[in-house]
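At position 6 of the sequence shown the residue is numbered 6 (the UniProt record's numbering), and the sequence of numbers has no breaks.
Just so you know, even glycine gets a beta-carbon here, dropped at the ideal spot from N, CA and C.
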Amino acid sequence: MGPTMMVEARTCESQSHRFKGPCLSDTNCGSVCHNEGFTGGNCRGFRRRCFCTKHC
């Protein structure tokens with residue numbers, strides 16, 4: 001058997017277009033992001049915005 005190659009997936013992120021208000025829960029942010037077609041999401045920044053993530 002030959003050598004196994006590990007490929008590191010890049011993660012792209014974009015601010016959620018549907019999340020309203022301050023982002024206080026990563027779980028809620030992730031749910032909204034799933035509905036937008038992303039694989040997950042989390043709250044970030046001083047203004048607590050929801051950012052969605054996916055492998056790209």
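By a C-beta neighbour count over all protein chains shown, 10 Å radius and 16 as the cutoff for buried, is residue i buried or exposed?
i, result
"Phe-51", "buried"
Check this for me: beta carbons of residue i and residue j, under 8 Å apart or not?
i, j, result
"Gly-30", "Gly-40", "yes"
Can you list, in chain order, the residues of its chain whose CB lies under 8 Å from that of residue i, leaving out five sequence neighbours each side?
i, result
"Asp-26", "Gly-41, Asn-42 and Cys-43"
Could you compute how far the alpha carbon of residue i sits from the alpha carbon of residue j?
i, j, result
"Gly-45", "Asn-35", "22 Å"
"Arg-47", "Gly-21", "10 Å"
"His-17", "Thr-11", "18 Å"
"His-55", "Gln-15", "15 Å"
Skipping 5 residues on each side, what residues in its chain have a beta carbon closer than 7 Å to that of residue i?
i, result
"Cys-23", "Cys-29, Cys-43, Arg-48, Arg-49 and Cys-50"
Given residue i, which residues of its chain have a CB within under 6 Å of its CB, disregarding the five upstream and five downstream residues?
i, result
"Val-32", "Ser-16, Arg-18 and Phe-19"
"Glu-13", "Phe-51 and Thr-53"
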